[in-house]
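Asker: What follows is a structure written as structure tokens; I'll ask about it next.
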Amino acid sequence: MSSSETMIRIDKFYAAIKTLKADVICSVNNDMQSETDFNKVEWIIGENSNGTAITTTANPHSELSWSAVKTEMDKL
284 MSSSETMIRI DKFYAAIKTL KADVICSVNN DMQSETDFNK VEWIIGENSN
334 GTAITTTANP HSELSWSAVK TEMDKL
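Reading the sequence shown from the start, the letters are residues 284 to 359 in this note's numbering.
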């Protein structure tokens, strides 16, 4: 699999997230092909007193399931 294919999937992931919930901020450090990849997303849930992002891999957005995100990705 080429790095350009990986980047296209990641771009589609971010576009799908913005379609489903525009104000979500997250970070992806891997490919986005499966629920396993989705479960590794770093969701930004705030910042500490130094301005550093506070993240979690526990998805805090119930409307952003892997199924919903994948459906939107497939439309792109």
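Positions of the beta carbon are idealized from the N, C-alpha and C atoms, including for glycine.
Spatial neighbours of residue 303 within its chain, please: CB distance less than 8 Å, with the 5 preceding and 5 following residues excluded, ordered by chain position.
Answerer: 346, 347, 351, 352, 355
Asker: Taking all protein chains shown into account, do 16 or more other C-beta atoms lie within 10 angstroms of the C-beta of residue 290, making it buried, or fewer, making it exposed?
Answerer: exposed
Asker: Of the choices 359, 297, 336, whose alpha-carbon is the least far from that of residue 321?
Answerer: 297
Asker: Please report how far the alpha carbon of residue 357 lies from the alpha carbon of residue 333, in whole angstroms.
Answerer: 38 Å
Asker: Could you give the C-beta distance for residue 327 and residue 300, rounded to a whole number, given that I count them as a contact under 8 Å?
Answerer: About 12 Å separates the two Cβ atoms, so there is no contact after all.
Asker: Give the range of the alpha helix (DSSP H) segment to which residue 275 is assigned.
Answerer: Nothing about residue 275 can be reported from this structure: the residues present for the chain run from 284 to 359 only.
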